[in-house]
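**Student:** For reference, each letter of the sequence shown is one residue, going 305 to 583 in this note's numbering. Cβ coordinates follow ideal geometry from the N, Cα and C atoms, glycine included.
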Amino acid sequence: MRARLAAVTAGFVLAACTGVFFLPHRVQVLTPDKLGLAYQEVTFKTRDGLELLGWLLPAKGPALGTVLQLHGNAENISTHFASLAWMPARGFNVFIFDYRGYGASEGAPSLEGAQLDIDAAMQTLLARADVDKDRIVIYGQSLGGALGAYYVAHSAHRGRIRALVIESAFSDYVGIAREKFAEHWITWPFQWLPYLTVDDTYSPLPSMAQISPIPLLVLQGDQDRIVPVHHAQRLYEAALEPKQLWIVAGAGHIQTMGDPARRDRLVAYLREVLAAPRP
305 MRARLAAVTA GFVLAACTGV FFLPHRVQVL TPDKLGLAYQ EVTFKTRDGL ELLGWLLPAK
365 GPALGTVLQL HGNAENISTH FASLAWMPAR GFNVFIFDYR GYGASEGAPS LEGAQLDIDA
425 AMQTLLARAD VDKDRIVIYG QSLGGALGAY YVAHSAHRGR IRALVIESAF SDYVGIAREK
485 FAEHWITWPF QWLPYLTVDD TYSPLPSMAQ ISPIPLLVLQ GDQDRIVPVH HAQRLYEAAL
545 EPKQLWIVAG AGHIQTMGDP ARRDRLVAYL REVLAAPRP
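1. Short of 6 angstroms in beta carbon distance, which residues of its chain neighbour A593, apart from the five on each side in sequence? Order them along the chain.
2. Can you list, in chain order, the residues of its chain with a C-beta nearer than 6 angstroms to that of A536? Leave out the 5 residues immediately preceding and following it.
3. Between the alpha carbons of S414 and L549, how many angstroms are there, rounded?
4. Can you look up T350 in the DSSP assignment and give me helix, strand or coil?
5. If you follow the beta strand (DSSP E) that A467 is part of, which residue opens it and which one closes it?
6. Please name the residue or residues paired with L520 in a DSSP beta bridge.
7. Give the DSSP bridge partners of Q514, in chain order.
8. Beta carbon of I515, beta carbon of P583: below 8 angstroms?
9. Check whether the region 472–481 and the region 397–407 touch, using three or more Cβ-Cβ pairs below 8 angstroms as the test.
10. Within its chain, find whatever has a CB closer than 6 angstroms to the CB of R394; leave out the 5 residues flanking it on each side and keep chain order.
11. By DSSP's criteria, W359 is part of a beta bridge. Which residues make up the other side?
12. Since I believe A418 is in contact with L451 (beta carbons under 8 angstroms), could you give me their beta-carbon distance rounded to a whole number of angstroms?
13. Should R569 be labelled buried (16 or more other beta-carbon atoms within 10 Å of its own) or exposed?
14. Do Q445 and I558 have their CB atoms nearer than 8 angstroms?
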């Protein structure tokens, strides 16, 4: 009986391990107009032929730049856009899109596919006449931060990316999966499984040094219970200059920009980065 229970538990854990990074929802919860924001629905194709859906929230007044928002692993853009919905009023276009398998985007999610999705979103921005191609910032949150760090390090469009901001990002896929296993008594004995079942090919940590000379800002709440603060510290330490690390006291997961004063600080940082000569 115990052997059977162990086998069932191991099978469950193995299945959960492979899908833990993608928890997509298809249902649309909210649209920007419900928050009084103008937006444009944008559809575009990936290199492998999938159609993705994105929303462009235009800046109020002349745009200081365009932020490409990479959201986290759950739900879809209809819940994630709200975290940066304050930026158009501060002078930034925000372009958020759903990875394959999320919301109205076609396909099924994968780490490799997400890299193609980000590249397609970047190409979409570069093709728009209303976007300054020399003032694009990538802002990745949680899984989006890990995806964004790898993408910026390896992108063919590095010359167009003026800054990378990653918030509540984990340093590697195996490491965060193992930590999640360790949090619960039923999965604690199976902490070895991620080493066999999780693909670490696209983990950000080995690529952090390649982001330079693009400016890097790492944002992290010291009360983040989903991605502990040591992940941000590892990512920051592995990166080269120019880089900054902001540890926000009292902030949880993807909550570093909740305070207007911190938003002011971020806008000031982005203004400085965008005004500086291209590296």
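**Tutor:** The short version:
1. Missing from the structure shown is residue 593; the chain here goes from 305 to 583 and no further.
2. Along the sequence shown, one-based indexing puts residue 536 at 232. Here the set comprises V522 and Q524.
3. Walking along the sequence shown from the start, residue 414 turns up at place 110. Walking along the sequence shown from the start, residue 549 turns up at place 245. Rounded to whole angstroms, S414 to L549 spans 29 angstroms at the Cα level.
4. For the purposes of this step, residue 350 is identified with residue 46 of the sequence shown, where counting begins at 1. Coil at T350, not helix or strand.
5. As a working note, residue 467 is residue 163 in the sequence shown. Note, A467: beta strand (DSSP E), I465 to E471.
6. Your numbering for residue 520 matches position 216 in the sequence shown. The partner list for L520 (beta bridge, DSSP) reads L468 and K547.
7. As a working mapping, residue 514 is identified with position 210 in the sequence shown. None; Q514 has no bridge partner.
8. The sequence position of residue 515 within the sequence shown is 211, counting from 1. The sequence position of residue 583 within the sequence shown is 279, counting from 1. Contact flag unset, no.
9. no
10. Counting from one through the sequence shown, the residue named residue 394 turns up at place 90. For R394, where only same-chain residues beyond five positions count, the Cβ hits under 6 angstroms are V571.
11. For the purposes of this step, residue 359 is identified with residue 55 of the sequence shown, where counting begins at 1. Looking at the DSSP assignment, W359 forms a beta bridge with E345 and I400.
12. Numbered from 1 along the sequence shown, position 147 holds the residue referred to as residue 451. Numbered from 1 along the sequence shown, position 114 holds the residue referred to as residue 418. Right, the Cβ-Cβ distance comes to about 5 angstroms (below 8 angstroms), so this counts as a contact.
13. In the sequence shown, residue 569 corresponds to position 265, counting from 1. Counting Cβ neighbours within 10 Å, R569 comes out exposed, since fewer than 16 surround it.
14. As a working note, residue 445 is residue 141 in the sequence shown. As a working note, residue 558 is residue 254 in the sequence shown. A contact, by the Cβ cut-off of 8 angstroms.
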